[in-house]
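Going by the working numbering, the sequence shown opens with residue 237, and the numbers climb by one from there. Ideal Cβ positions, reconstructed from N, Cα and C, are used throughout, including at glycine.
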Amino acid sequence: MSLRAIHSAASGMESHQFSLDVVANNLANASTTSFKRSRTNFEDLFYQNIKLPGTDSAAGQTGVGTSVGLGTRVASTSLDFSQGSINQSNGDFDMAIVGQGFFQVDDNGAPAYLRAGNFTRNASGQLVVGSAESGRILQPAITIPDDATDVSISSDGRVSVLTAGQIQEVGQVQLYRFVNNQGLLQKGENLYIETPASGAAVSSVPGQDGLGSIRHRVLESSNVEPVQELVDLIKTQRNFELNSQTIKAADQMLQLISNLRQF
């Protein structure tokens, strides 16, 4: 029936509207430090089976059946954790993770994780992630002395400073990994939260246990490819339009049926 076509096409329009929202968010964050793009996954809905495959008939057992699907829906969104490009920043406390891993910060007493390494120093000398809203302290906490004239962060996360002509080590950057990165909850402000789906965070020194290394005075860019997102945008728009055309065609068929006269 045409009503079934209308419902299926309407589900397609709703799903592609959601997909458009995802693409729009990717494009909006094309310049966000260490942003990871999302992808929309679809799945088909329940099928109405008019005749099952293998049904017995007068001519024997059928090899195929008769069924029609009832549309589509968004199954999930997947995060793409592929490496973003590394760009020079020259910030004294900027860091980028090359490979797997996350930094941990204190988010109002609870741990949160991020890839963005645009760190700065608060009034107490502690390294905090740069944010206009709040200063989240890097964990484990690292304090830079007030009289430090130079800062160096090695590839394995050792933080050294130059004070009074002497080099001293003041802290060790730890990285964290998860069994399932896709299970992390996106909180905003570049933060991810651990969930039962992600598994518990496992910490280690950069460069060990499958974790990436640290690069100093650089930042990781977003992994959004604007050209690919524009292609996805066009595909989503066209699919939305095709579903709207299906609704128009089904509506016209219903009008023809309603205008029939019996003589």
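Query                                                                                                            : Result
Beta-carbon proximity check, E477 vs A332, cutoff 8 Å                                                            : no
Local conformation of P462 per DSSP, three classes                                                               : helix
Beta-carbon spacing of T379, Q404 below 8 Å                                                                      : no
Beta-carbon spacing of Y349, Q336 below 8 Å                                                                      : no
S251 to T269 span [Cα, whole Å]                                                                                  : 29 Å
Which residues DSSP lists as bridging R341, in chain order                                                       : In the sequence on display, residue 341 carries Val and not Arg. A348, L374, per the DSSP bridge assignment.
A384 - DSSP class collapsed to helix/strand/coil                                                                 : coil
Per-residue burial, D386 [other beta carbons within 10 Å of its own, 16 or more giving buried]                   : exposed
Close-in-space but distant-in-sequence residues of the same chain around S303 (CB under 7 Å, 5 per side omitted) : Y283, Q284, N285, I286
Straight-line Cα distance separating A246 from N479                                                              : 7 Å
8 Å CB neighbourhood of G419 in its chain, flanking five on each side removed                                    : T431, P432, A433, S434, G435
Same chain only: Cβ atoms within 7 Å of L288, ignoring 5 sequence neighbours per side                            : G301
D487 versus G248: straight-line alpha-carbon distance, rounded                                                   : 16 Å
Three CB pairs or more closer than 8 Å across the segment 441-452 and the segment 390-401                        : yes
L256 versus G366: straight-line alpha-carbon distance, rounded                                                   : 30 Å
S244 vs L306 beta-carbon contact at 8 Å                                                                          : yes
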